[in-house]
Ligand code: HEM
């Protein structure tokens, strides 16, 4: 069988897609309060996407902590991260798509959302490098830990600002 394998998009191309979608959503989202059934459905999708995306990120980081505590192997962490890729990006996409109907967020939250997206691409790059090393160098592990810390910081900044802005 002659299987044709599509080459995965380069990180630079993925970054262009993330920045493009992020900018398009910010420009197109309404700047006045949205009310009624559109708001309610969009908020439901927003919160569901948050559970899916951040839930998957937390699972990967939990395995990372188990690895630090020597209760899991590095390949357990990498396998979890590879499996979590789809729910993380599905959640992020759902947050952007539902945000389009909720309204444009203030600049600090918008920046946190962009950091989530771009850092996610960087984390994916580190993941594929880690998966190729039997004995990953310390520098690569430190960069992966930093990417995980930035990811947590950006996700929780967006959560807290989203929550506060909706009060
Ligand atoms: C990582 C991405 C995001 C996260 C984690 C996030 C998180 C949240 C959270 C926790 C809330 C509070 C919901 C509530 O208290 O009922 C919220 C509300 C909101 N979000 Fe997001 N959000 C994200 C992306 C976006 C984007 C891209 C937009 C717009 C383009 C957006 C627009 C809004 C708006 C307008 C509300 C207020 C909804 C309301 O209560 O009327 N969010 N977000």
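In this note's numbering, the protein residues as written are 1077 to 1243. Glycine included, each C-beta is placed from N, C-alpha and C at the ideal position.
For the pair of segments examined, the region 1080-1090 was found not to touch the region 1135-1146: the number of CB pairs separated by less than 8 angstroms stays below three.
Residue 1165 sits buried, since 16 or more C-beta atoms from the chains shown fall within 10 Å of its C-beta. A distance below 7 angstroms between beta-carbons, with the five flanking residues on each side excluded, links residue 1132 to the following residues of its chain, in chain order: 1160, 1163, 1164 and 1167. Taking 8 angstroms as the cut-off, the beta carbon of residue 1177 is found closer than this to the beta carbon of residue 1110.
The region 1224-1241 makes contact with the region 1183-1202, as at least three CB pairs between them are under 8 angstroms. For residue 1125, the enclosing alpha helix (DSSP H) begins and ends at 1112-1144. In this structure residue 1197 does not touch residue 1095 by the C-beta definition: roughly 10 angstroms separates them, more than the 8 angstroms allowed. The C-beta distance from residue 1220 to residue 1202 rounds to 5 angstroms, short enough to meet the 8 angstroms contact threshold.
With a cutoff of 8 angstroms on beta-carbon distance, residue 1236 and residue 1175 are scored as not near each other. For residue 1242, the enclosing alpha helix (DSSP H) starts and ends at 1214-1242. The closest CA to that of residue 1207, considering only 1116, 1158 and 1222, is found on 1158. Rounded to whole angstroms, the Cβ separation of residue 1179 and residue 1107 is 7 angstroms, and the two are in contact under 8 angstroms.
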